[in-house]
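Reading the sequence shown from the start, the letters are residues 3 to 292 in the numbering used here.
For glycine and all other residues, C-beta sits at the position ideal for the given N, C-alpha and C.
The structure displayed is predicted, hence computed values, not measured ones.
Notes follow the structure.
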Amino acid sequence: MTQTRLHFTAGKIESTKIFAALDAAFEDEGLPIAVLEVDEDADIHEVSLYADGDVDAVEARVKDVLAGLALSRPVERETLPDIDWVARSLEGLKPVRAGRFFVHGAHDRRKRHSGELAIEIEAGLAFGTGHHGTTAGCLEMLEKVTRRERPRNALDLGTGSAVLAIAVAKLFHIPVLATDIDPVAVSVAAANARLNHVKALVETVTAPGFHHPIFARHAPFDLIIANILARPLMRLAPEMARHISLGGSLVLSGILDRQRDAVISAYVGQSFRHVRTLHREGWVTIHLKR
């Protein structure tokens, strides 16, 4: 069965309101809805709704939702063939080696080398296969951290596919809290933890922010990894400081080269000190200590 993607663009604030309204309007049908940041600087976000069946009727309802928000957006259509795009994309991905880590799909299990920390990831609908420069940079940084530190517990904030949570569990053999605002990502993360035999160490939770009670139960953390985006990371600096132990390490990524200094400044203002920065493919991974 073919599927049609109805999509349009909006600013961040508008797209958040639109997502909530569409989610409520199509709750009974369970149609997938997504928001993708296209251009952070220009504040362009793309809202997508995936429909099958009577697409005309779905599009009319989408326009009604927009009208109810006093917003007018041209809605475009894209017909998607009946292909398992996740499986297709993973088949074309080469495995990633970052330090001692080897991140791969099921089709590359035979390429594991002795002594490597292998992480098998099937991304599903969650972000993060290890191929993006930010994820690979975090893996490299984690290996550098382990040479000097022995954390007792960790937090992977915005876990996506849980590749970083799994890496921490395999590297340090410690409990890891892996959270994400997306319940689909959390489901994928839990499946990947089971696949990599670290389910006993990795706890996956849907949590939209630090106000969720799960953080208070686990804090303070000796190690926090957050591979998100620069602006949310800067806003989270005070909360990070409240939830990390004295002397704890913070590994941040999802940061462009040009955003590095601003992010470091936000954390220095919260009594963190910069330890090192790794540069990879135009992105940086930053290690700070409380």
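Quick one: grab the DSSP three-state call for residue i.
{"i": "residue 274", "result": "coil"}
{"i": "residue 282", "result": "strand"}
{"i": "residue 200", "result": "coil"}
{"i": "residue 229", "result": "strand"}
{"i": "residue 166", "result": "helix"}
{"i": "residue 1", "result": "Only positions 3 to 292 of the chain appear in the structure, and residue 1 is not among them; the question remains open."}
May I have the straight-line CA-CA distance separating residue i from residue j, to the nearest angstrom?
{"i": "residue 164", "j": "residue 119", "result": "15 Å"}
{"i": "residue 78", "j": "residue 17", "result": "16 Å"}
{"i": "residue 287", "j": "residue 53", "result": "38 Å"}
{"i": "residue 261", "j": "residue 30", "result": "41 Å"}
{"i": "residue 292", "j": "residue 245", "result": "10 Å"}
{"i": "residue 75", "j": "residue 207", "result": "35 Å"}
{"i": "residue 190", "j": "residue 28", "result": "23 Å"}
Would you call the CB atoms of residue i and residue j closer than 8 Å?
{"i": "residue 61", "j": "residue 8", "result": "yes"}
{"i": "residue 122", "j": "residue 100", "result": "no"}
{"i": "residue 224", "j": "residue 180", "result": "no"}
{"i": "residue 1", "j": "residue 142", "result": "In the structure as shown, the chain starts at 3 and stops at 292, and residue 1 therefore has no counterpart that could be examined."}
{"i": "residue 222", "j": "residue 251", "result": "no"}
Out of the options, state which residue places its alpha-carbon closest to the alpha-carbon of residue i.
{"i": "residue 201", "options": "242, 215 and 176", "result": "176"}
{"i": "residue 220", "options": "97, 178 and 237", "result": "178"}
{"i": "residue 277", "options": "191, 253, 50 and 194", "result": "253"}
{"i": "residue 264", "options": "27, 245 and 231", "result": "231"}
{"i": "residue 194", "options": "57, 207 and 168", "result": "168"}
{"i": "residue 259", "options": "275, 267, 284 and 56", "result": "284"}
{"i": "residue 15", "options": "26, 73, 211 and 51", "result": "73"}
I think residue i touches residue j, with their Cβ atoms under 8 Å apart; what is that distance to the nearest whole Å?
{"i": "residue 148", "j": "residue 187", "result": "That belief does not hold up - the Cβ atoms of residue 148 and residue 187 are roughly 26 Å apart, past 8 Å."}
{"i": "residue 242", "j": "residue 226", "result": "6 Å"}
{"i": "residue 11", "j": "residue 46", "result": "5 Å"}
{"i": "residue 271", "j": "residue 239", "result": "7 Å"}
{"i": "residue 166", "j": "residue 137", "result": "7 Å"}
Is the Cβ of residue i closer than 8 Å to any Cβ of chain D?
{"i": "residue 168", "result": "As a matter of chain content, chain D is missing from the structure shown, which is built from one protein chain."}
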